[in-house]
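Peer 1: If you're matching positions, the sequence shown starts at 1 in UniProt numbering and goes up one per residue.
All residues carry an ideal CB built from backbone N, CA and C; glycine is no exception.
Here it is, the structure, as structure tokens.
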Amino acid sequence: MSTAADHADQILDDWLLDPSLAPAAGDEVLAPLYDAAQRGEVMLPFCAACAKPLELEQDICDGCGGGDRSWRAVAPHGTVHAATLMHRREPGLVHARGPYPIVDVELDSGHRLVMTTARPTDTAPRIGTAVHIAFRRLGDVVIPAIDTLEEDA
Ligand SMILES: [Zn+2]
């Protein structure tokens, strides 16, 4: 298991969006995710009763009906579940001059997270590609982003 310190260099200033588009770091629901990302960790919610992975904003567990969430650090690895290229020209807000990827990553923990890449690219990864999660810094907020693609063996 790698430590958070190993990941501190994986927080890159964002290449894609203007900082004015940053989410609120103090967001009541997502604060644990953002706090952990500042430390270079991916933290996600699980059902406190049965440990099933929950969606970011899911309150009630599909598995047992429990209503308590417990946030835990998860491994920063997953696979590409779905991917698309966004074509959006919005001078001043979107820095990319070409299309940029939006990727639905299924983490090894079972969670799904939608993210873009930590480094500039104008292509979308193939479905099933293994990915390592790093982070992008947008204004005061750090959010997960795909770092490296690990070609599946
Ligand atoms: Zn449950």
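Hey, could you find the ends of the alpha helix (DSSP H) residue 32 is sitting in?
Peer 2: Run containing residue 32: 31–38, per the alpha helix (DSSP H) assignment.
Peer 1: Among 58, 39, 42, 41, which residue has its Cα nearest to the Cα of residue 48?
Peer 2: The shortest Cα separation from residue 48 among 58, 39, 42, 41 belongs to 58.
Peer 1: What is the C-beta distance between residue 146 and residue 124, in whole angstroms, given that I count them as a contact (C-beta under 8 angstroms)?
Peer 2: Contact doesn't hold; Cβ gap of about 10 angstroms is too wide.
Peer 1: Spell out a yes or no on whether the region 15–22 and the region 102–115 are touching, meaning 3 or more CB-CB pairs, one atom from each, closer than 8 angstroms.
Peer 2: Output reads no: the region 102–115 does not touch the region 15–22.
Peer 1: Using a Cβ-Cβ distance cut-off of 7 angstroms, determine whether residue 32 contacts chain D.
Peer 2: Chain labels in this structure do not include chain D; a single protein chain is all it has.
Peer 1: Kindly examine ligand 1 and report whether one of its heavy atoms sits closer than 6 angstroms to the Cβ of residue 67.
Peer 2: Answer for residue 67: no, Cβ out of range of ligand 1.
Peer 1: Given residue 148, which residues of its chain have a CB within under 6 angstroms of its CB, disregarding the five upstream and five downstream residues?
Peer 2: The residues are 132.
Peer 1: At 3 residues or longer, and completely inside the region 77–143: list those beta strand (DSSP E) runs for me, N to C.
Peer 2: Runs of the beta strand (DSSP E) inside the region 77–143: 77–86, 100–107, 112–115, 130–138.
Peer 1: Please classify residue 23: does DSSP put it in a helix, a strand, or coil?
Peer 2: Correct three-state label for residue 23: coil.
Peer 1: Any heavy atom of ligand 1 within a distance shorter than 6 angstroms of the CB on residue 110?
Peer 2: No, the beta carbon of residue 110 sits no closer than 6 angstroms to any heavy atom of ligand 1.
Peer 1: So, at 6 angstroms on beta carbons, what are the nonlocal neighbours of residue 1 in its own chain, with the 5 sequence-adjacent residues on each side left out?
Peer 2: Low confidence applies here, because residue 1 scores a pLDDT of 47, under 50, leaving its location unreliable; read the following figure in that light. Result list for residue 1: empty, nothing under 6 angstroms.
Peer 1: Going by the DSSP bridge assignment, what does residue 13 pair with across the sheet?
Peer 2: BP columns for residue 13 point to 137.
Peer 1: Using the DSSP secondary-structure output, state which residues sit across from residue 149 in a beta bridge.
Peer 2: Residue 149 pairs with 131.
Peer 1: Between the region 65–79 and the region 90–98, do at least 3 Cβ pairs fall closer than 8 angstroms?
Peer 2: No: the two stretches stay apart, fewer than three of their Cβ pairs being nearer than 8 angstroms.
Peer 1: In this structure, does DSSP put residue 47 in helix, strand or coil?
Peer 2: Strand.
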